[in-house]
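Numbering (my numbering), first residue to last: 1 to 188.
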């Protein structure tokens, strides 16, 4: 589920859809506000937070990979999801599972930053597509960061080409950081 809620939508709508998803359905959430807050009580496969939503959860601005790791720890420790992704703008993103965090660096942009319109949507679309075709979650997130980087080089909602993503993904780097034993849960 992705996007902003319409004004009259029940506050627990996303939570209800997550709860009622059939067994084996991997729910991915990229939602905000009250929809996110109520959905955190349910269990999703993956939750993506932007800096604003992560800051709301943490109670302070998200400016670094360390801040994003803290937000992901909250999601995972609360058993809201199996996988968490928090974006940190031009730094890239942090992907976390029960065992580790992965700081995913954004690639160097060959063209100037133009607009962040649709960058988060592009990231989530790339992650979702790659998970659906069997890509491992970390690699799906790395590809998502490259797609978001391709998106920010374009004005407004223009669409990037595949060659741009191919060039950018070669620059994406991930650094593994073990999760603190106080947060890391034993995998099933």
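Virtual Cβ for every residue (Gly too), placed ideally from N, Cα, C.
Taking just the CA atoms, how far does residue j sit from residue i?
i: residue 9; j: residue 23; result: 25 Å
i: residue 1; j: residue 39; result: 11 Å
i: residue 7; j: residue 57; result: 22 Å
i: residue 11; j: residue 34; result: 6 Å
i: residue 125; j: residue 79; result: 23 Å
i: residue 111; j: residue 153; result: 6 Å
i: residue 48; j: residue 28; result: 8 Å
i: residue 170; j: residue 143; result: 10 Å
i: residue 150; j: residue 99; result: 30 Å
i: residue 145; j: residue 21; result: 27 Å
i: residue 96; j: residue 52; result: 18 Å
i: residue 74; j: residue 66; result: 13 Å
i: residue 179; j: residue 101; result: 6 Å
i: residue 105; j: residue 91; result: 6 Å
i: residue 84; j: residue 137; result: 10 Å
i: residue 188; j: residue 82; result: At residue 188, the pLDDT of 40 sits below 50, so the modelled position is not reliable and the matter cannot be decided from this model.
Per DSSP, what kind of secondary structure is residue i in: helix, strand or coil?
i: residue 135; result: coil
i: residue 169; result: helix
i: residue 48; result: strand
i: residue 175; result: strand
i: residue 161; result: coil
i: residue 127; result: helix
i: residue 105; result: strand
i: residue 122; result: helix
i: residue 34; result: helix
i: residue 187; result: Only weak support is given to the placement of residue 187: the predicted model assigns it a pLDDT of 45, under 50, and the value that follows is read from those uncertain coordinates. Note: residue 187 maps to coil in three-state DSSP.
What residue from the options has the CA that sits closest to residue i's CA?
i: residue 54; options: 64, 41, 68, 44; result: 68
i: residue 26; options: 44, 16, 36, 95; result: 44
i: residue 167; options: 147, 177, 181; result: 147
i: residue 172; options: 37, 181, 94; result: 94
i: residue 132; options: 37, 3, 14, 46; result: 46
i: residue 41; options: 123, 145, 175, 77; result: 77
i: residue 120; options: 108, 66, 98, 89; result: 89
i: residue 36; options: 61, 21, 4; result: 4
i: residue 122; options: 61, 30, 18, 73; result: 30
Could you give the C-beta distance for residue i and residue j, rounded to a whole number, given that I count them as a contact under 8 Å?
i: residue 86; j: residue 71; result: 5 Å
i: residue 127; j: residue 118; result: With 8 Å as the limit, residue 127 and residue 118 do not qualify as a contact, their Cβ atoms being about 14 Å apart.
i: residue 175; j: residue 103; result: 5 Å
- Curious, which full-length alpha helix (DSSP H) runs of at least 4 residues does the stretch 54-101 contain? 65-77
- Task: Only counting runs of 3 or more residues, tell me where the beta strand (DSSP E) segments fall wholly within the stretch 4-28, in order along the chain.
- Result: none
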